[in-house]
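Enquirer: First the structure, which I've put down as structure tokens, then a few questions once you've had a look.
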Amino acid sequence: GQQVMQIPQYQHVQEGEDFTTYCNSSTTLSNIQWYKQRPGGHPVFLIQLVKSGEVKKQKRLTFQFGEAKKNSSLHITATQTTDVGTYFCARVSGSARQLTFGSGTQLTVLP
Amino acid sequence: DTGVSQDPRHKITKRGQNVTFRCDPISEHNRLYWYRQTLGQGPEFLTYFQNEAQLEKSRLLSDRFSAERPKGSFSTLEIQRTEQGDSAMYLCASSLVGAETQYFGPGTRLLVL
Chain W
130 GQQVMQIPQY QHVQEGEDFT TYCNSSTTLS NIQWYKQRPG GHPVFLIQLV
180 KSGEVKKQKR LTFQFGEAKK NSSLHITATQ TTDVGTYFCA RVSGSARQLT
230 FGSGTQLTVL P
Chain Z
-14 DTGVSQDPRH KITKRGQNVT FRCDPISEHN RLYWYRQTLG QGPEFLTYFQ
36 NEAQLEKSRL LSDRFSAERP KGSFSTLEIQ RTEQGDSAMY LCASSLVGAE
86 TQYFGPGTRL LVL
């Protein structure tokens, strides 16, 4: 299938350090979404990127969509313990507009 | 709370038993999705409803699985003759036609012994 690959699988950071997760596709993406899932919780929508080279910011979170629309990244500046969770990228496709998720990056923030 | 709700939140069953899960989407949302998530993986798409019509089914949805949305509101997902490999979190999500954002419910965690 048309998978999205996500790295790293795990990331441990000290509180205050920055964090980045990367999402890559072998095919051009029409758009990319990012979700956060807290431990024991469900995925919560963060943002959608549509345009080539798009950059969007939400407070300490910066989302980028590559020029070729084949990769995306999420960067968190100065992590806090509330940032703990798994971050997923997902592509939207098909007439059903279903989501195909990456495998996620599990972020642990050490106080 | 007017978000997506799912019932039950947890289900333990023995292999071979049938189980049924319910999803209540956000009231005005006409799109409803079922996903399955296993430990350490992202959710995988199972099936999609637009109003009461089931328009898309994944190859993951074996013939032991059936989903309904009889009146275009709540949906049920039934698994017949459960197997240990069915153990997973079953997530429901809803959205509006024309909107790309999906809102997920809290999920039903199934354990098949």
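Chains W and Z, in that order, give the protein sequences.
First residue of the first sequence? That's 130 in my numbering, and the numbers climb one at a time after it.
First residue of the second sequence? That's -14 in my numbering, and the numbers climb one at a time after it.
Quick reminder that beta carbons are idealized off the backbone N, C-alpha and C, glycines included.
(1) Under 7 Å between beta-carbons, which chain W residues line up against LEU76(Z)? List them in chain order, please.
(2) Could you pull out every residue in the same chain whose Cβ sits closer than 8 Å to the Cβ of VAL82(Z), ignoring the five residues on either side in sequence?
(3) Measuring straight from C-alpha to C-alpha, what distance separates LYS186(W) and GLN162(W)?
(4) Flag THR208(W) as yes if its beta-carbon sits less than 8 Å from any beta-carbon of chain Z, otherwise no.
(5) Kindly indicate the opening and closing residues of the beta strand (DSSP E) around VAL221(W).
(6) Does the segment -7 to 2 of chain Z come close enough to the segment 187 to 203 of chain W to have 3 or more Cβ pairs within less than 8 Å?
(7) In this structure, how does DSSP classify GLN65(Z) when only helix, strand and coil are distinguished?
(8) Under 8 Å between C-beta atoms, does ARG220(W) make it to chain Z?
(9) Under a CB-based cut-off of 8 Å, is ALA225(W) close to chain Z?
(10) Whole angstroms are fine: how far does the CA of ARG44(Z) sit from the CA of CYS8(Z)?
(11) Does chain Z have any CB closer than 8 Å to the CB of SER232(W)?
(12) Whole angstroms is fine: what's the gap from TYR18(Z)'s alpha carbon to GLU41(Z)'s?
(13) Could you name the residues of the same chain whose beta carbon sits closer than 7 Å to that of GLY233(W), not counting the 5 residues immediately before and after it, in chain order?
(14) Under three-state DSSP, which class holds THR157(W)?
(15) Return the CA-CA distance between GLN39(Z) and HIS171(W), expressed in angstroms with no decimal places.
(16) Let me make sure I understand the geometry here. Which of LEU239(W), VAL238(W) and ILE205(W) has the alpha-carbon closest to that of TYR151(W)?
(17) Cα-Cα, which of THR5(Z), GLY25(Z), PHE30(Z) and GLN2(Z) is closest to SER222(W)?
(18) By alpha-carbon positions, which one of LEU24(Z), PHE50(Z) and SER(-10)(Z) ends up nearest to ILE11(Z)?
(19) Please list, in chain order, the residues of the segment -9 to 16 of chain Z that have any C-beta partner in chain W closer than 7 Å.
Expert: Based on what the coordinates show:
(1) HIS171
(2) ASN15, ARG16 and GLN35
(3) 14 Å
(4) no
(5) 214 to 222
(6) no
(7) coil
(8) no
(9) yes
(10) 21 Å
(11) yes
(12) 9 Å
(13) GLN135, THR215, TYR216 and PHE217
(14) coil
(15) 23 Å
(16) ILE205(W)
(17) PHE30(Z)
(18) SER(-10)(Z)
(19) none
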